[in-house]
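>
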Amino acid sequence: MTVLVIINEAPYSGERAYNALRLAAALRQDKDVEVRLFFLGDGAWSASAKTQKPENASFDIPWLLERALAAGAHSLVCRTCMDARGILDSDLVNGAKRGTLDDLRAWTLSADRVISF
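Per our numbering, the very first residue in the sequence shown carries number 538; after that it's consecutive.
1. Count the other C-beta atoms from every protein chain shown that fall within 10 angstroms of the C-beta of glycine 636, then say buried if there are 16 or more, exposed otherwise.
2. What does DSSP give as the partner residues of arginine 642 in its beta bridges?
3. Does DSSP classify glycine 665 as helix, strand or coil?
4. Who are the Cβ neighbours of serine 583 in its own chain at under 6 Å, not counting the five residues just before and after it?
5. Looking at leucine 558: is its Cβ nearer than 8 Å to the Cβ of leucine 613?
6. Use the C-beta contact count for threonine 645: other C-beta atoms within 10 angstroms, 16 or more gives buried, fewer gives exposed.
7. Let me check you understand the geometry: is the CB of asparagine 631 closer than 7 Å to at least one non-hydrogen atom of the ligand MN?
8. Tell me whether glutamate 571 sits in a helix, a strand or coil according to DSSP, three-state version.
9. Could you check which residue in Leu564, Gly578, Phe596 has the C-alpha nearest to that of glycine 609?
10. Measure the CB-CB distance between alanine 562 and alanine 605 and report whether it falls below 8 Å.
As structure tokens, this is what we get:
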């Protein structure tokens, strides 16, 4: 089974990105599940290694993404969204890559499940 998780929210503006990445890590516990993460809009900040964890945050979004990628998840970040926010390829968490709307289209059409946060 292939699950596409779309993350639209900035990393610390709420708990959606946090919960999306927790779910991705949980899904990867089943080796028959392929997890694909696509970061869109302000969600692009969630894939940046330069994102600073606020002092009052109890979770670390870049670390959670690294954990999901280490478990075998795949990750793309919207190119247009990165450019609009000044996020460089070199800013991305190791394993995250720049993607396009065509990539999102292909991932959506090939996924068994699509979940948007």
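Where a beta carbon is used, it is the ideal one built from N, C-alpha and C, also for glycine.
Looking at the atomic coordinates:
1. Buried, by the Cβ-count rule.
2. The partner list for arginine 642 (beta bridge, DSSP) is empty, contrary to what the question assumes.
3. Nothing in the structure corresponds to residue 665, since the chain is present only between 538 and 654.
4. So the qualifying residues of the chain are Ile544, Pro548, Ala554, Phe576, Ile598.
5. It is not a contact, given that the beta carbons lie outside the stated cut-off.
6. When all chains shown are included, threonine 645 counts as exposed.
7. With respect to the ligand MN, the structure shown offers nothing to examine, as it has no ligands at all.
8. Correct three-state label for glutamate 571: strand.
9. When each option's Cα is compared against that of glycine 609, the closest is Leu564.
10. Yes; because the gap between Cβ atoms is below 8 Å, this pair is in contact.
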